[in-house]
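What follows is a set of notes on a single structure, which appears directly below.
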Amino acid sequence: MSSGAPRWLSGGCNCGAVTYRVTDAFEYAQNCHCSGCRKATGSAFKPFGGIVHDQFELLTGGDALLLVGDAVDHDVRCGRCGAYLYSVVRDGTYIHVALGSLDDAPTRRPDSHIFVGSKAPWYDITDDLPQFEAFPP
Ligand SMILES: [Zn+2]
Ligand SMILES: [Zn+2]
1068 MSSGAPRWLS GGCNCGAVTY RVTDAFEYAQ NCHCSGCRKA TGSAFKPFGG
1118 IVHDQFELLT GGDALLLVGD AVDHDVRCGR CGAYLYSVVR DGTYIHVALG
1168 SLDDAPTRRP DSHIFVGSKA PWYDITDDLP QFEAFPP
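So the sequence shown is residues 1068 to 1204, counted in my numbering.
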């Protein structure tokens, strides 16, 4: 033990065309209830983990990606099955991994709910994690 080597988490899309790995060292992890995340995922909210771009590595399917957004910041989906995988954000410097696309369990779990001010009216948050109207302070 204690080799200092990073632990990698594997992830990918629904059809298997796109696979990636990311260091198990998310700087932050949150559940986002904004309308953009709800629409993108078709879910009540999006659990995601943030990490600097160079800790993320696309393994297969790089030629099969569907990018939604602009050239620098965008959502990334599998172009074949449509699965939402991650977003490139903060002027391309960070990756927000959609935690549902992971095959492994990350050490850091979402520790708050953000953009609760625009959450789905039909969904009640039932845990005790802190809630923020928009971005955390
Ligand atoms: Zn796919
Ligand atoms: Zn959001």
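For each residue, glycine too, the CB sits at the ideal point set by N, CA and C.
None of the values given here were measured: they were computed from a predicted structure.
Given the structure, does residue i come close to ligand 2, in the sense that its CB is under 7 Å from one of the ligand's heavy atoms?
{"i": "residue 1104", "result": "yes"}
{"i": "residue 1186", "result": "no"}
{"i": "residue 1145", "result": "no"}
{"i": "residue 1202", "result": "no"}
{"i": "residue 1101", "result": "yes"}
{"i": "residue 1182", "result": "yes"}
Drop a sphere of 10 angstroms on the beta-carbon of residue i, count the other beta-carbons inside from all chains shown, and report buried for 16 or more, exposed for fewer.
{"i": "residue 1096", "result": "buried"}
{"i": "residue 1178", "result": "exposed"}
{"i": "residue 1169", "result": "buried"}
{"i": "residue 1116", "result": "buried"}
{"i": "residue 1202", "result": "exposed"}
{"i": "residue 1076", "result": "buried"}
{"i": "residue 1126", "result": "exposed"}
Hey, how far is the Cα of residue i from the Cα of residue j?
{"i": "residue 1121", "j": "residue 1088", "result": "11 Å"}
{"i": "residue 1190", "j": "residue 1094", "result": "27 Å"}
{"i": "residue 1109", "j": "residue 1158", "result": "25 Å"}
{"i": "residue 1142", "j": "residue 1200", "result": "23 Å"}
{"i": "residue 1133", "j": "residue 1074", "result": "28 Å"}
{"i": "residue 1139", "j": "residue 1098", "result": "23 Å"}
{"i": "residue 1233", "j": "residue 1092", "result": "Outside the shown range of the chain, which is 1068 to 1204, sits residue 1233, and nothing can be said about it."}
{"i": "residue 1167", "j": "residue 1102", "result": "18 Å"}
{"i": "residue 1163", "j": "residue 1147", "result": "21 Å"}
Specify, as a first and last residue, the run of the alpha helix (DSSP H) that residue i falls within.
{"i": "residue 1105", "result": "1102 to 1108"}
Start and end of the beta strand (DSSP E) containing residue i?
{"i": "residue 1163", "result": "1161 to 1165"}
{"i": "residue 1097", "result": "1095 to 1099"}
{"i": "residue 1078", "result": "1075 to 1079"}
{"i": "residue 1190", "result": "Careful: residue 1190 lies outside any beta strand (DSSP E) and carries neither H nor E."}
Are the CB atoms of residue i and residue j nearer to each other than 8 Å?
{"i": "residue 1090", "j": "residue 1128", "result": "no"}
{"i": "residue 1185", "j": "residue 1100", "result": "yes"}
{"i": "residue 1165", "j": "residue 1080", "result": "no"}
{"i": "residue 1160", "j": "residue 1119", "result": "yes"}
Taking 7 Å as the line, does the beta carbon of residue i fall inside it for any heavy atom of ligand 1?
{"i": "residue 1084", "result": "yes"}
{"i": "residue 1081", "result": "yes"}
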